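Participant: Residue numbers (the working numbering): 268 to 383.
The beta carbon of each residue, even a glycine, is placed where N, CA and C say it ideally should be.
Please read all numbers here as calculations on a predicted model, not as lab measurements.
1. Where in the segment 303 to 383 do unbroken runs of the beta strand (DSSP E), each at least 3 residues long, occur, reported from the N-terminal end onward?
2. To which residues of the same chain is residue 295 closer than 7 Å at the C-beta, ignoring the five residues directly before and after it?
3. Compare the C-alpha of residue 377 against each of 323, 279, 308, 298 and name the closest.
4. My output table needs one value for residue 281: the three-state DSSP class, helix, strand or coil.
5. Give me the Cβ distance between residue 388 and residue 309, rounded to the nearest whole Å; I'm assuming they're in contact under 8 Å.
6. Should residue 287 go down as buried or exposed, given a rule of 16 or more other Cβ atoms within 10 Å for buried?
7. Strictly under 7 Å for the Cβ-Cβ distance: is residue 356 near chain B by that measure?
8. At a cut of 8 Å, does the segment 297 to 315 reach the segment 326 to 336 through at least three beta carbon pairs?
9. CB residue 384 to CB residue 342, shorter than 7 Å?
Right, here's the structure in full:
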């Protein structure tokens, strides 16, 4: 059965010089800046949160073993919070990339490869 979709346009293969020129461009610098403005603070926050969990688990055993409800204690909630924060950060990054990174990356790719 034949596909009803049109095939993607052919794209040029950029040369090394074109890549170097694009890497020095303001558009590429903006793309890097936007990525770093999200990635570095988010990484620092997550590592601090994880370190807090490890330190509390090691040095505040009584606090972490306090029961909250039934067999659920503070340590279990902190551990589950690690998973929740990982999913939250992933969702935030995808949203950030869709809004702030992908449009610039598409513009750079289109300029470099230019549909024929």
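Facilitator: Short version:
1. 334 to 336
2. Taking the chain shown and counting its residues from 1, one reaches residue 295 at position 28. By the criterion of a C-beta distance shorter than 7 Å, residue 295 is surrounded in its chain by 289, 375, once the five residues flanking it on both sides are discounted.
3. Looking up residue 377 in the chain shown gives position 110. Minimum Cα distance to residue 377 is reached at 279.
4. Your numbering for residue 281 matches position 14 in the chain shown. Residue 281: coil per DSSP, three-state reduction.
5. There is simply no residue 388 to check, as the chain begins at 268 and stops at 383 in what is shown.
6. Taking the first residue of the chain shown as 1, we reach residue 287 at position 20. With fewer than 16 Cβ atoms within 10 Å of its Cβ, residue 287 is classed as exposed.
7. Structure shown: chain B not included; a single protein chain is present.
8. no
9. An answer regarding residue 384 cannot be provided, because it is not within the stretch 268 to 383 covered by the chain.
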